[in-house]
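Position one of the sequence shown corresponds to residue 1 (full-length UniProt numbering), numbered consecutively onward. Each residue gets a CB set at the ideal place from its N, CA and C atoms; glycine is no exception. These notes concern the structure reproduced below.
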Amino acid sequence: MTDRPGAPTRRGFLKAGLAGGGALVAGKAAAEGPDPLITETQPWAQMWGDGVDVTPYGMPIEYESDVIRRNVDWLTADTISSVNFTPIHALDGTITPQGCAFERHHSGAIDLPKEDYRLMINGLVETPLIFTYADLERFPRVNHTYFLECAANSGMEWAGAQLNGAQFTHGMIHNMEYSGVPLRTLLEEAGVKPEGKWIYVEGADASSNGRSIPLDKALDDCLVAFKANGEALRKEHGYPVRLCVPGWEGNMWIKWLRRVEVTTEAIQSREETSKYTDTLADGTSRKWTWAMDAKSVITSPSPQSPITHGPGPLVITGLAWSGRGAIERVDVSLDGGKSWQAARLARPGQKMALTRFYLDIDWDGSEMLLQSRAMDDTGYVQPTKNALREIRGLNSVYHNNGIQTWWIKTSGEAENVEVS
Ligand SMILES: Nc1nc2c(c(=O)[nH]1)N[C@H]1C(S)=C(S)[C@@H](COP(=O)(O)O)O[C@H]1N2
Ligand SMILES: [Mo]
1 MTDRPGAPTR
11 RGFLKAGLAG
21 GGALVAGKAA
31 AEGPDPLITE
41 TQPWAQMWGD
51 GVDVTPYGMP
61 IEYESDVIRR
71 NVDWLTADTI
81 SSVNFTPIHA
91 LDGTITPQGC
101 AFERHHSGAI
111 DLPKEDYRLM
121 INGLVETPLI
131 FTYADLERFP
141 RVNHTYFLEC
151 AANSGMEWAG
161 AQLNGAQFTH
171 GMIHNMEYSG
181 VPLRTLLEEA
191 GVKPEGKWIY
201 VEGADASSNG
211 RSIPLDKALD
221 DCLVAFKANG
231 EALRKEHGYP
241 VRLCVPGWEG
251 NMWIKWLRRV
261 EVTTEAIQSR
271 EETSKYTDTL
281 ADGTSRKWTW
291 AMDAKSVITS
301 PSPQSPITHG
311 PGPLVITGLA
321 WSGRGAIERV
331 DVSLDGGKSW
341 QAARLARPGQ
351 KMALTRFYLD
361 IDWDGSEMLL
371 QSRAMDDTGY
381 VQPTKNALRE
391 IRGLNSVYHN
401 NGIQTWWIKT
411 SGEAENVEVS
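Put into structure tokens, the structure is as follows:
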């Protein structure tokens, strides 16, 4: 570093750091005398490491073996028509590795070889078509990063704080970079007839998970994806091909996509009537609640990721997203919503993708009621749980985007509580 007059020097940075930050993060070990981890030759420096053919496909190191998907035993009757949760409390950045991205299946994850894959486009089209996997690979491809949130994410928290961990309260979400062919390209190949206003999409699994999607959305940004985070989709996420419906509830993202039918009307299938519908206080239901409204959660500190280092510098971090656009701002409260300060977005929000935020504080060791509040580029602000209940009543399960509270105790432990 050059010491140009007026330019900040390295020494200057260090001084500013000490003066501004208060407590010192590093340096404690040195003050306590010789550290054998430094002064003695460690086992890993006395032998060969693994050769390059030991791990043809890598798994996380054993020390990270608790960073895994988990399910909640009592939530579903069996583990086949069920759900597990992304360990968001232990991840950073925004991309969810497929190996720990939550799964939701109605009839289990199926084994469908690429060679046996067929995608049919039928209904109100000029030319009904059937594509093999190899056919799909010949269409011009695009890459996009999108979040997928199950409409039931945080559903168990509707009536009050219940599950102790961000993984369980907010872990029905993942965010991947998809490679695939715009659905529009395939629909144009078949030629949509003027009467066509909707599509009905279904999967090859026993449940089929059929859903209706307005043609406008299908032609806008829906993606027929076959790669996620650079590699083939994992079986659990719909190998070899799934549909991405950016910003809209996870249930519409058909896995093992086998058919797209162009129709005049919505089919009103099970998944879009008796399920994934919010029943209001008066017993009527909200119709077509596809977009996932802006939402956020602090992933650390949180019940599964307590503060273990005592007072001093503390990194508060979390995730924010909106199915209607990009996250523009996230506020964090340390006092249960009485006062708010703007968090730092790790990168500017991207449309329909997770945004990572940080708030770096000097924790004085006292209790906190941590909350985060997301704002998207439509101007929408994430509501409190009470504000949601005022509009939607108490019957709801789906589409709970209310503000989450973690009670941080003086010990650094955290608990799921509700401040309404
Ligand atoms: N074919 C098929 N597609 C499906 C489902 C299913 O059971 N079968 N589940 C849906 C639901 S409810 C959700 S939330 C997402 C979950 O996607 P994931 O398992 O990749 O997380 O897939 C959707 N697509
Ligand atoms: Mo879902």
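Coarse secondary structure for residue i, derived from DSSP in three states
i    : result
G99  : helix
L75  : helix
T185 : helix
G402 : coil
G21  : With a pLDDT of 46 at G21, under the threshold of 50, the modelled position of that residue is not reliable, and no figure is offered here.
W368 : Looking at the sequence provided, one finds Met at residue 368 rather than Trp. Strand, per DSSP.
A80  : In the sequence as presented, Ala is not what sits at residue 80; that position holds Ile. Coil, per DSSP.
N416 : strand
M120 : strand
N251 : helix
D135 : helix
I88  : helix
M375 : strand
M156 : helix
E149 : strand
R347 : coil
R104 : strand
Y380 : coil
A281 : coil
Residue interval of the beta strand (DSSP E) (run including residue i)
i           : result
L359        : 355 to 363
L129        : 129 to 132
A320        : 312 to 321
C244        : 242 to 244
residue 435 : The displayed coordinates of the chain run from 1 to 420. Any statement about residue 435 would go beyond what the structure contains.
S396        : S396 -> no beta strand (DSSP E), and no H or E assigned at all.
K295        : 295 to 300
L112        : Note, L112: premise wrong, no beta strand (DSSP E); not H, not E.
G203        : 198 to 203
V262        : 257 to 263
Residue i: first and last residue of the uninterrupted alpha helix (DSSP H) it sits in
i           : result
H170        : 166 to 170
N386        : 385 to 392
D331        : Run containing D331: none in the alpha helix (DSSP H); it sits in the beta strand (DSSP E), 327 to 333.
T39         : 36 to 39
residue 452 : Since the first residue shown for the chain is 1 and the last is 420, residue 452 is missing from the structure and cannot be characterised.
Residue i to residue j span [Cα, whole Å]
i           : j    : result
residue 466 : A204 : In the structure displayed, the chain extends from 1 to 420; residue 466 sits before or after that span and is not available.
G21         : P313 : A caution first: G21 carries a pLDDT of 46, below 50, which makes its placement in the model too unreliable to give a value.
W48         : Y200 : 57 Å
H170        : S269 : 27 Å
I391        : H144 : 34 Å
L183        : K351 : 18 Å
R141        : G180 : 5 Å
G393        : V297 : 22 Å
E415        : R211 : 37 Å
P301        : P383 : 21 Å
L345        : G250 : 25 Å
F139        : F131 : 11 Å
L334        : G318 : 14 Å
Y178        : S107 : 24 Å
F226        : R242 : 7 Å
G247        : A151 : 11 Å
I408        : L163 : 16 Å
N401        : S154 : 7 Å
E261        : L124 : 7 Å
residue 424 : S82  : Not covered by the structure: residue 424. The range shown for the chain is 1 to 420.
V67         : G165 : 13 Å
G349        : W256 : 30 Å
S411        : Q304 : 14 Å
S285        : W198 : 21 Å
M176        : Q42  : 38 Å
V54         : L112 : 29 Å
A101        : N229 : 11 Å
Contact belief for residue i with residue j at Cβ below 8 Å, rounded distance in angstroms
i    : j    : result
W363 : P311 : 5 Å
V417 : W158 : 15 Å between Cβ atoms; not a contact.
D376 : A294 : 4 Å
K275 : A109 : Rounded, the Cβ-Cβ distance is 19 Å, inconsistent with contact.
G323 : M292 : 3 Å
N386 : S420 : 4 Å
E202 : I121 : Contact flag wrong, Cβ pair sits at about 12 Å.
E103 : N84  : 5 Å
T405 : L354 : In fact, because the Cβ distance is near 21 Å, the residues do not count as touching under 8 Å.
Beta carbon proximity, residue i to chain C, threshold 8 Å
i    : result
D331 : No chain C appears in the structure shown, which is made up of a single protein chain.
Residue i beta carbon near ligand 4 (any heavy atom closer than 7 Å)
i   : result
S82 : Here the bound small molecules are ligand 1 and ligand 2; ligand 4 is not part of this structure.
Check your reading: residues with Cβ closer than 6 Å to ligand 2 heavy atoms:
Matched residues: R104, C150, A151, A152, G250, N251.
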